[in-house]
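J.: First residue of the sequence shown? That's 1 in full-length UniProt numbering, and the numbers climb one at a time after it.
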Amino acid sequence: MLIEVEKLATEGNIDYIIIESTGISEPAPVAQIFSYIDEELGIDLIRFCQLDTMVTIVDANRFWHDFRSGDSLLDRKEALGGR
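1) What's the gap between the Cα of R83 and the Cα of G12?
2) Near K7, which residues of its chain fall below 6 angstroms by C-beta distance, leaving aside the five closest residues on each side in sequence?
3) Where do the N-terminal and C-terminal ends of the alpha helix (DSSP H) with D66 fall, by residue?
4) If distances are taken between C-alpha atoms only, which option among D15, I14, I46, E26 comes closest to V55?
5) Alpha carbon to alpha carbon, what distance is there between D75 and residue 114?
6) What is the residue span of the alpha helix (DSSP H) that I3 lies within?
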């Protein structure tokens, strides 16, 4: 994703990029891409773009049940696509 965002950002004719990640991914790694510098590839997105807004959608029917459980996604194996 880092390479693709850089390609879009350096074209210069794009005002916004919307990224839709999978339903089981954590938002933090997606956000960190915008402050990560890949010295090997020479990619520094801070020069071209900034993270403006993140929107997270939750399953309202299960939110409190999942929140109170204290389990992480890995504990529940949801990060691996199980359930």
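No residue lacks a Cβ here, since even glycine has one placed at the ideal position from N, Cα and C.
T.: This is what the structure holds:
1) Because the pLDDT of R83 is 47, which lies under 50, any placement of that residue in the model is unreliable, and the number read from its coordinates should be weighed accordingly. Rounded to whole angstroms, R83 to G12 spans 42 angstroms at the Cα level.
2) none
3) 63-69
4) E26
5) This structure gives no information on residue 114, because the portion of the chain shown stretches from 1 to 83.
6) 2-11
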